[in-house]
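Asks: The structure's right below; bear with me while I get my questions together.
Quick look at the structure:
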């Protein structure tokens, strides 16, 4: 995997690109977009009149992995900012990167001349890095293979802060396959605002992804109390539980509401249900990057713990904040590590 | 079919949702959009300067039935209002409603958080009702199975009033399969402005759809003279003929201009031709929700009777009026019936 | 092929539609859009504040030939002007023109009522002419069979003038299959600003397309020195080389970077490489309407001669200029020939 040094902070490819300063700035921008939206709905005048915009910008989506939610999410955020999206995936060529490098290069160099910002999602880990190197435009990594998904991590941090307050004061649990790209970005991003306590909930007999292990070591070094459990019930004393499918678990990809799941969900260790939450008298905030599989039982939806639909709503002002910041050329000032090769 | 009570008038799911007050308001709004469009084309200043808009709205199309015209129509109307459309049909899941209810619910709940208004077209009759119940957003039923298509009925009423004047003074004929969803919405909508005379032209040996029969009974109760004929020639003394394909007729779905059609069109009872119109010395206004099949012969296109292309043009200001009204939160104040279960 | 007389200059179907006056005007408009874009990037105020726009326009794309670049190019230009694009290709009907004429007519007449301008690309040569005749809207021919592609020719003229100055003073070479639609439009368009010298580079044993031959005869009559060569090396003393794939050449459609191409590219007569340019100590500006095939070796990309990516960037202000001019109703005032039948 080629992941070259690149000199500028123009791109959001990894959680490493984000500094504490950047995080504070982006959370504040997202909060402001949220407030303006709420004021508009309430019929109140805007706090800040929209800056005079000279011409709409063009956001190009280069996705070779299907994604209804992420694609619509960026499209909606762009629309609300007055910009437009184009679907610049080169369907003539099949998957990006299976064609020759030169052809990909030509495609990117052409698309970038029609656009102002590129959003890349790929099954190939090096794809957003290649695109970022080829283009002078800002590039958002919206998921690359098993590597990272930093914009989703920013959405989760915004949701937690908005719904539970300062992250440094909180205990946060993550139930996830440790190779999930969102999970890695999320734990890496937590280094900027280390929680009081962080607990990973995962399968006991599957090795922990080295990138996840490293991110947890960083958190430990910053003073976070680290825990490891193998049953979501053991996370229900935390302030927050971010839960995802465990790829290797018994129920992985099982359909919600199927008989098999319904019969065993109360004993299956990686499925959260209303009964488990009520039994634990838990007020843990439950987050989930929808769409969900069997890990999150719909019985939870009516509990006050259910934060995941609010989380989707909060994704709009956060994606607006990310687009607006990057379109106006503000660089990401994270560690140099963000700009060099990832773990091989 | 679940079609629950819902408390608000946020949605346009049925002709029942529309009151006489609503109809007057929406016709006036459509007329105003039309005037502004014509003034703009003539280089005249707008009558009303456009209200200061704080951010573009997002219109989400949830279509599991193909529709070039309706989809483009709403997209164009949204664009002219300065809004944007997203295609939120969840292609990952196949047809809406064939997946589990929970998954549809999750999809709707997510899409609604990215959008400001939902336009639903489905082969399932209960789909727009389910979406409307799941979402706090305004929902437009753009056709649901064999049930209704109320926005198309509003377009037709606008076309008739614009081209022939006050509907109460007119004789109106409808040649259509009586189970066609547009036809049902159209006749139900006529109750708000009952024509002097209403004639249904349909196949003699096919039972009339109960919903259509009921809507005609309502019209009769309001003083409209009701007629039933089985040949379009018998409608050519009316002020207006709205003609659609008869699903069970000999020529149903036959290609325009095919030899079989050309040979028999002058005798086939559900096809309107220029010769029939000229023979009857008729000045009946002909309407048709394009695309047409064999029911409307192209020989009619050059006659002054042909109103169907003007009708498409008038669909733009009407769809603009519907979107604008619903986006600004004005409720539909039609009968309570609109909010309860339809005939099973 | 029906290519009827049409009375107005509303459409851009052929290079013939463009007069010298039109060319000067469109180049000036494109230059102005480019300047405004550069001023905006530099944070400078606009030279001309954008005119008060009353409502966004709708650009309908009717493409039955796949085209990533042209489609995205018009979409991006429309977006930057604040307009929106709709994809009005009637997927229900298969390729345009294989259905009956009546049905195509209905489709066009409907789409035009939702739109303000139509962009047509078709495998059928008469398609844009049929659409232009059916619609009162301005129509852009974005490529029709083996006939013309006039907007691409305008892009190339703009690129040449912007990068090399007044075309009358230049020597221009074109290496192309002589039946390529862009090539024909390009040479026809050159009549408006005849270069000092024009050289065609093509296969020695393939007959020259009569339309190309005629366009070259016109140039000769205007005083341009005409040449014919069969090896790109013989064009490297020119100011400009516009190079395209030669359909009948050995390497036609061969993948860039394939072993077969790499081994022979220095001897293959229709492939330009860095070595050939450097050996000739040439400062010829190389243009190419990307995507490229084997005719343009990536080794050229780092040379100052490479003008093709800049050419793509310049396509945005030119497409903006074309859309803006046609949307505001300014007619093309080219020869009457543009409005009558093309060579059969």
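Chains as they are written, first to last, in full-length UniProt numbering: chain A, 1 to 344; chain B, 1 to 344; chain C, 1 to 344. Just so you know, even glycine gets a beta-carbon here, dropped at the ideal spot from N, CA and C.
Leaving aside the five residues before and after residue 249(A) along the sequence, list all residues of the same chain whose C-beta is less than 7 Å from its C-beta, in chain order.
Replies: Within the same chain, and ignoring the five residues on either side of residue 249(A) in sequence, the residues whose Cβ sits closer than 7 Å to its Cβ are 203 and 270.
Asks: Using beta carbons (cut-off 8 Å, strictly below), is residue 327(B) in contact with chain C?
Replies: no
Asks: Does any residue of chain C bring its CB to less than 8 Å from the CB of residue 331(A)?
Replies: Chain C, which has no Cβ nearer than 8 Å to the Cβ of residue 331(A), makes this no.
Asks: Beta carbon of residue 15(B), beta carbon of residue 195(B): below 8 Å?
Replies: no
Asks: Hey, residue 113(B) and residue 316(A) are a contact pair by Cβ (cut 8 Å); roughly how many whole angstroms apart?
Replies: Indeed, because the Cβ distance is near 7 Å, the residues count as touching under 8 Å.
Asks: In the DSSP assignment, find the unbroken beta strand (DSSP E) run with residue 199(A) in it and report its ends.
Replies: 197–201
Asks: Kindly indicate which three-state DSSP category residue 19(B) falls into: helix, strand or coil?
Replies: Residue state, collapsed to three classes: coil.
Asks: Classify residue 167(A) as helix, strand or coil using the three-state DSSP reduction.
Replies: helix
Asks: Can you tell me the Cβ-Cβ gap for residue 63(A) and residue 121(A), rounded? I've got them flagged as a contact below 8 Å.
Replies: 4 Å
Asks: Indicate the three-state DSSP secondary structure (helix, strand or coil) for residue 84(B) in the structure shown.
Replies: strand
Asks: Should residue 293(C) be listed as close to the ligand FMN, given that the test is whether its C-beta is under 7 Å from any heavy atom?
Replies: For the ligand FMN, the structure offers nothing, since it holds no ligand at all.
Asks: If you count every other CB in all the chains shown that lies within 10 Å of the CB of residue 128(B), and 16 or more means buried, which is it?
Replies: buried
Asks: Could you name the residues of chain A that residue 182(C) contacts, counting a contact when the two beta carbons are closer than 9 Å?
Replies: Simply none; closest approach about 16 Å.
Asks: Hey, is residue 29(B)'s beta-carbon within less than 8 Å of any beta-carbon in chain C?
Replies: Any Cβ of chain C closer than 8 Å to the Cβ of residue 29(B) would place that residue at the interface, and such an atom is absent.
Asks: Buried or exposed for residue 21(B), please, with buried defined as at least 16 other CB atoms from any protein chain shown within 10 angstroms of its CB.
Replies: Exposed, by the Cβ-count rule.
Asks: By a C-beta neighbour count over all protein chains shown, 10 Å radius and 16 as the cutoff for buried, is residue 48(B) buried or exposed?
Replies: exposed
Asks: For residue 319(A) versus residue 43(A), is the C-beta spacing smaller than 8 Å?
Replies: no
Asks: How many Å lie between residue 183(C) and residue 153(C) at the Cα?
Replies: Going by the C-alpha atoms only, they are around 8 Å apart.
Asks: Grab the span of the beta strand (DSSP E) containing residue 63(A) for me, first residue to last.
Replies: 58–63
Asks: For residue 9(B), which option in 125(B), 31(B) and 138(B) has the closest C-alpha, if you only look at C-alpha atoms?
Replies: Checked all of 125(B), 31(B) and 138(B); the closest Cα to residue 9(B) is 138(B).
Asks: Whose C-alpha, out of 141(A), 56(A), 214(A) and 40(A), is nearest the C-alpha of residue 328(A)?
Replies: For residue 328(A), the closest of 141(A), 56(A), 214(A) and 40(A) by C-alpha to C-alpha distance is 56(A).
Asks: Figure out for me which residue from 334(C), 309(C), 322(C) and 335(C) has the closest Cα to the Cα of residue 163(C).
Replies: Of the candidates 334(C), 309(C), 322(C) and 335(C), the one whose C-alpha sits nearest the C-alpha of residue 163(C) is 309(C).
Asks: For residue 115(C), which residues in chain B fall below 9 Å Cβ to Cβ?
Replies: Ordered by position in chain B, the residues that pass the 9 Å Cβ test against residue 115(C) are 72 and 76.
Asks: Would residue 223(A) be called buried (16 or more neighbouring beta carbons within 10 Å of its own) or exposed?
Replies: Counting of Cβ neighbours within 10 angstroms places residue 223(A) among the exposed residues, the total staying below 16.
Asks: Compute the distance between the beta-carbons of residue 335(B) and residue 295(B), then report whether it is under 8 Å.
Replies: No, they are not a contact pair.
Asks: Alpha carbon to alpha carbon, how far is residue 18(B) from residue 212(A)? Give it in angstroms, no decimals.
Replies: Distance from the CA of residue 212(A) to the CA of residue 18(B), rounded to the nearest whole angstrom, comes to 57 Å.
Asks: Quick one: Cα of residue 347(C) to Cα of residue 58(C), how far?
Replies: Examination of residue 347(C) is not possible in this model, given that chain C is present from 1 through 344 alone.
Asks: Can you tell me whether residue 28(B) is helix, strand or coil according to DSSP?
Replies: helix
Asks: Within 8 Å of any Cβ in chain B, is that where the Cβ of residue 99(A) sits?
Replies: Only weak support is given to the placement of residue 99(A): the predicted model assigns it a pLDDT of 46, under 50, and the question is left unresolved by the model.
Asks: Taking 8 Å as the threshold (C-beta atoms), are residue 201(B) and residue 159(B) in contact?
Replies: no
Asks: To the nearest angstrom, how far is it from the Cα of residue 188(C) to the Cα of residue 175(B)?
Replies: One C-alpha to the other measures close to 54 Å.
Asks: If contact means a Cβ-Cβ distance below 7 Å, which residues of the region 299–321 of chain B contact chain C?
Replies: 309, 312, 313 and 316
Asks: How would you write the range of the beta strand (DSSP E) that residue 121(A) sits in, first residue to last?
Replies: 117–122
Asks: So, for residue 332(B): in the same chain, excluding its five sequence neighbours on each side, which residues have a beta-carbon less than 8 Å away from its beta-carbon?
Replies: 9, 10, 11, 12, 17, 18, 19, 22 and 338
Asks: Is there a Cβ of chain B sitting closer than 8 Å to that of residue 18(A), yes or no?
Replies: no
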